[in-house]
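A.B. asks: Residue numbers (my numbering): 2 to 200.
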Amino acid sequence: MTSRQDNVIFMDSIEQSMMHYLRDWKNNMKMHFITVGEKEALAVARARPYKNVPEDHWEILCDHFASQDFEGNPETGKLMSPIDYFEERHFKNNSWRNEYTQQKHMVAWREEALTQAQAQAHEIADLVDPTLSVESVVGPVAIDEYAIMTQSLGTRSRWQKEVSSLPRLKNVGGPKAASISNVAAVQCEHAETITNLKQ
């Protein structure tokens, strides 16, 4: 019986490693596309395929990477906000996938922030000229979705999509992301659990 458990654990480990390898390979191809030429120089990017990728496959990938569909919502074709992306990935069949995502969801916070921003905009517009519309006085109401993400999910790495690298946290006095020692401690704990399960 332990042999069967060992095989299951071993196969799960292999599958997880291969999924990481595949994800990294896909990301490396996208980064190569961005580094070589991206959308502005699509011909240059097509001329320099990623290692061990045939030219005809690379041309298809370049077209895919340069398309609006790749970066946008597949249903509408528009770029998705980070919060909409989170909701699409974790809210399925009219329910959250698990309790963690339900507790950490950002959609309600965004709606609350938008409601507050609209109320403030109405107050300002009423003070200036009650006959004018809010947009003509204040402009379109905007909220900081990255602040909402940080508030909901906690601090993450310094890299954020479309923002690039953020300033070092020690320079701005912000909370740090999980330290490497904490990650190492969790990995040791998982290794101990696996050895206990094997016995």
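Think of the CB as a built atom: it goes at the ideal place given N, C-alpha and C, for glycine as much as any other residue.
Three Cβ pairs or more, each shorter than 8 Å: is that satisfied between the stretch 56-67 and the stretch 21-35?
C.D. replies: Yes, since at least three Cβ pairs between the stretch 56-67 and the stretch 21-35 fall closer than 8 Å, the two stretches touch.
A.B. asks: How many Å lie between I10 and A46 at the Cα?
C.D. replies: Near 41 Å, if we compare the C-alpha coordinates of A46 and I10.
A.B. asks: Using CA coordinates, which residue listed in E124, E88 and N99 is at the minimum distance from E112?
C.D. replies: E88
A.B. asks: Whole angstroms are fine: how far does the CA of H123 sit from the CA of V108?
C.D. replies: 22 Å
A.B. asks: Under a Cβ-count criterion, where at least 16 other Cβ atoms within 10 Å of its own Cβ denotes burial, should P55 be classed as buried or exposed?
C.D. replies: Looking at its Cβ environment, which holds fewer than 16 other Cβ atoms inside 10 Å, P55 is exposed.
A.B. asks: Strictly by DSSP, which residues pair up with K93?
C.D. replies: S96
A.B. asks: Span of the alpha helix (DSSP H) holding Q200?
C.D. replies: Note, Q200: premise wrong, no alpha helix (DSSP H); not H, not E.
A.B. asks: Just checking: is the beta-carbon of V45 within a distance shorter than 8 Å of some beta-carbon in chain B?
C.D. replies: Given the protein chain composition of this structure (a single chain), no chain B is represented.
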